[in-house]
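In numbering that gives the first Met the number 0, the protein residues as written are 0 to 176.
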Amino acid sequence: MKNCIAACLTLLPVSFSAAPVLAADKDKQFFQTIEGQWSGPGEIVAGKYKGTKFVCNLAGSTPDEDIGMTLDGTCRVGVFSQPMKATVTRVGSAYSGKFNDGAAGKGLDVTSGSVSGNKVVFGLNRKQLNGAMLARVSDPNTMNVTVSVRVDKELVPVIGMSLKRVDNIAVGSIAKN
Numbered sequence: 000m001k002n003c004i005a006a007c008l009t010l011l012p013v014s015f016s017a018a019p020v021l022a023a024d025k026d027k028q029f030f031q032t033i034e035g036q037w038s039g040p041g042e043i044v045a046g047k048y049k050g051t052k053f054v055c056n057l058a059g060s061t062p063d064e065d066i067g068m069t070l071d072g073t074c075r076v077g078v079f080s081q082p083m084k085a086t087v088t089r090v091g092s093a094y095s096g097k098f099n100d101g102a103a104g105k106g107l108d109v110t111s112g113s114v115s116g117n118k119v120v121f122g123l124n125r126k127q128l129n130g131a132m133l134a135r136v137s138d139p140n141t142m143n144v145t146v147s148v149r150v151d152k153e154l155v156p157v158i159g160m161s162l163k164r165v166d167n168i169a170v171g172s173i174a175k176n
């Protein structure tokens, strides 16, 4: 019995020192839920192109060394496809990244971010445009994304997407003997 208690006490300092590491890895754990293939419809809900519907096919991945994610693929409107890529990495306690080629090109810069439970919010910027992207993973196979822009002092949703995880393993039937 004494040996059991002594063994537990020797592990106690290890468990306390691991607690901050486990807390810091909550962001990484969230981003790992994004890994895999995603597909689903979206719609522009405000602005000049309001009512435009599209379908996106995206692959989610996480870097081995850093904390962050990449969603890479295409979004299609009718017969036209547009490449889409979002890469975000945590640097210290802040997030940065870009959508497509960033604000220097035709995309957006990710200027901030935070993970809370099953959602992430990223601050977006392009010249005079400021906004936010919210992604919520409501269950292991569903991710909802909303992109909003700041108008005066209010965030106005402009794009909404509902993505489902796509199983890339073919399911077949087994022949009877």
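Heads up, the beta-carbon is just placed ideally off N, CA and C, and yes, glycines get one too.
Inspect the CB distances between the stretch 28 to 40 and the stretch 131 to 143 and report whether three or more fall short of 8 angstroms.
-> yes
In terms of residues, what are the limits of the beta strand (DSSP E) holding Lys84?
-> 79 to 90
Would the beta-carbon of Cys74 fall within 7 angstroms of that of Phe98?
-> no
Distance between beta carbons of Val44 and Gly159, contact taken as under 8 angstroms = 6 angstroms
May I ask you to list the residues that DSSP assigns as paired with Ala58?
-> Gln36, Asp71
Any idea which residues DSSP pairs Tyr94 with across the strands?
-> Arg89
Identity of the residue in Leu133, Val90, Lys126, Gln28 nearest Gly104 by Cα = Lys126
Same chain, Cβ closer than 7 angstroms to Ala134, five either side skipped, listed in chain order = Lys118, Val119, Met142, Val144
Measure the Cβ-Cβ separation of Ser147 and Val155 and say whether it is below 7 angstroms.
-> yes
Would Ala179 be called buried (16 or more neighbouring beta carbons within 10 Å of its own) or exposed?
-> For the chain, the structure presents residues 0 to 176; residue 179 sits outside this window and is missing.
Is Asp65 helix, strand or coil when you go by DSSP?
-> coil
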